[in-house]
Ligand SMILES: *Cc1c(COP(=O)(O)O)cnc(C)c1O
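Residue numbers (the numbering used here): 363 to 787.
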């Protein structure tokens with residue numbers, strides 16, 4: 363075993379061998395992740411072949427973007443890769459939140475009801491939906507009603523859903539990943555009984571899944587099990603660490619043809635929209651996404667293994683099945699939480715010298731500390747950690763473009779907590 367990491371990066375012998383030992387126990391889990399990667403890679407490659415992707419698809423366009431073949435073919439390769447009929451993939455979608463809001467406002471009309479079956483949606487959507495605040499153009503101000511059924515012990519409460527879903531409900535919403543709550547990501551298989559319930563009780567409802575952090579972590583996406591729409595950010599899994607910005611919305615034709623009218627202008631939809639940069643990073647990002655996601659999942663598994671063996675609480679555990687790239691870790695004190703995030707920052711290729719501090723972030727209700735030293739600003743498919751400074755002190759760590767890098771993050775974090783006396787092994 364190489365000691366180069368230790369010497370160059372100043373990692374103690376103790377932390378180094380402990381992490382390596384933990385890794386050696388994970389062969390079965392890693393083999394499972396490899397199988398998922400293989401399926402995803404095959405699906406993406408087949409989509410590229412099917413579309414006959416060539417260099418001409420990467421060419422920039424300007425102005426209105428009429429007949430932009432790079433944009434249109436990108437939509438189709440995403441659709442096929444995500445087991446969907448159609449997709450909208452755009453650099454102009456600024457974030458996952460923007461993609462979700464675009465989809466929701468494209469599907470919902472005044473008087474309609476949106477029902478969440480996974481409890482409160484991700485924090486940044488509260489104002490957008492109008493659950494909190496009274497912002498211009500929130501769904502609430504546009505006359506959309508919102509209701510939710512909370513999760514029951516981390517699972518969809520089918521009994522309560524049975525009562526809550528009514529025939530006229532327009533949109534039923536699911537959040538796959540954990541957000542900032544102490545629960546596991548829902549697998550698409552776990553969503554299936556709820557999808558069936560919705561189809562039975564409200565056949566015309568749109569089933570919409572916030573797929574952020576979930577893409578390519580399972581054999582199939584929620585679209586395979588009948589979701590009308592899945593949505594995510596390109597600076598998470600689906601951009602493969604290469605897309606510089608953007609978001610995707612993939613799903614049924616019936617849903618996408620409505621959403622495209624909100625994406626730009628009713629009557630124009632997807633016909634317009636140019637990109638003066640090259641589309642190559644979006645194609646290459648998708649091509650890399652199954653592998654990069656697998657690297658991130660392996661890093662998450664190693665974080666879980668090391669810290670659960672050291673007596674801390676991790677969710678999921680290192681051997682659990684996963685449906686997102688996020689690893690939740692519980693610390694005993696705010697100091698340990700902050701130390702952990704600072705170690706992740708120290709492991710970053712960019713801004714490694716920066717010391718993150720808790721701050722008030724737009725869209726979040728408590729102070730948050732974020733470790734992100736990424737090539738793409740805020741990218742969380744790159745190794746990153748964030749933690750709201752509230753009890754119980756929970757860090758959400760995700761990403762790692764390479765497992766070798768994720769492993770260094772684990773070693774730094776363990777070493778620093780050992781030095782601070784916050785953990786013992
Ligand atoms: C990241 C994330 C979002 C959207 O976040 P953006 O920062 O706007 O890209 C939405 N839902 C979940 C579950 C997420 O993890």
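Just so you know, even glycine gets a beta-carbon here, dropped at the ideal spot from N, CA and C.
Taking a cut-off of 5 Å from the heavy atoms of ligand 1, the residues with a C-beta inside it are 457, 458, 459, 484, 539, 541, 572, 574, 575, 595. Your pair residue 469 and residue 532 checks out as a contact, with CB atoms roughly 7 Å apart and the cut at 8 Å.
Between the stretch 498 to 518 and the stretch 642 to 657, the count of Cβ pairs shorter than 8 Å is below three; the stretches do not touch.
DSSP places residue 748 in the uninterrupted beta strand (DSSP E) bounded by 746 to 750. By a beta-carbon distance limit of 8 Å, residue 523 does not contact residue 487. Their separation comes to about 20 Å. Distance from the CA of residue 687 to the CA of residue 659, rounded to the nearest whole angstrom, comes to 5 Å. For residue 732, the uninterrupted beta strand (DSSP E) segment begins and ends at 730 to 734. Non-local beta-carbon contacts of residue 407 in its own chain, meaning distances under 8 Å to residues more than five positions away in sequence, involve 649 in chain order. Per the DSSP secondary-structure output, residue 676 pairs in a beta bridge with 691. With respect to the C-alpha of residue 462, the residue from 647, 601, 710, 624 having the closest C-alpha is 624. Spatial neighbours of residue 512 in its own chain (CB-CB distance under 6 Å, excluding positions within 5 residues in sequence) are listed in chain order as 481.
Contiguous alpha helix (DSSP H) elements confined to the stretch 508 to 553 occur at 520 to 526, taking only those with 4 or more residues. For residue 685, the three-state secondary structure derived from DSSP is coil.
In the DSSP annotation of this structure, the continuous segment of the alpha helix (DSSP H) that includes residue 464 starts and ends at 458 to 469. No Cβ-Cβ contact shorter than 7 Å links residue 662 with residue 578. Counting of Cβ neighbours within 10 angstroms places residue 607 among the buried residues, the total reaching 16 or more. The residues 676, 679, 680, in chain order, have a CB closer than 8 Å to that of residue 670 in the same chain once the five nearest residues on each side in sequence are set aside. Secondary structure of residue 766 (DSSP, three-state): helix. Here residue 693 really is in contact with residue 755; their C-beta atoms are around 4 Å apart, less than 8 Å. Taking a contact as a CB-CB distance under 8 Å, the pair residue 760 and residue 741 does not count as one, their CB atoms being some 10 Å apart. Residue environment analysis places residue 416 among the exposed positions, since fewer than 16 neighbouring C-beta atoms fall within 10 angstroms of its C-beta. When 700, 730, 421, 765 are compared, the shortest CA-CA separation from residue 784 is found for 700. For the pair residue 782 and residue 710, the Cα-to-Cα distance works out to about 20 Å. Residue 636 and residue 425 do touch by the CB rule: their CB atoms are close to 6 Å apart, below 8 Å.
A distance of 7 Å or more separates the beta carbons of residue 643 and residue 612.
The C-beta separation of residue 541 from residue 569 comes to about 19 Å, leaving the pair out of contact by the 8 Å criterion. Segment contact: the stretch 489 to 501 against the stretch 543 to 560, fewer than three CB-CB distances shorter than 8 Å; contact not assigned.
Residue 734 counts as buried, since at least 16 other C-beta atoms from the protein chains shown sit within 10 angstroms of its C-beta. Judged by beta-carbon spacing, residue 617 lies within the 7 Å limit of residue 591, meaning their Cβ atoms are closer than that value. In this structure, the beta-carbon distance from residue 609 to residue 458 falls below 7 Å. Judged by DSSP in its simplified three-state form, residue 668 adopts helix.
Nearest in C-alpha terms to residue 732, of all of 719, 744, 739, 726, is 719. Proximity to residue 598 across 397, 574, 441, 646 peaks at 574, based on C-alpha coordinates.
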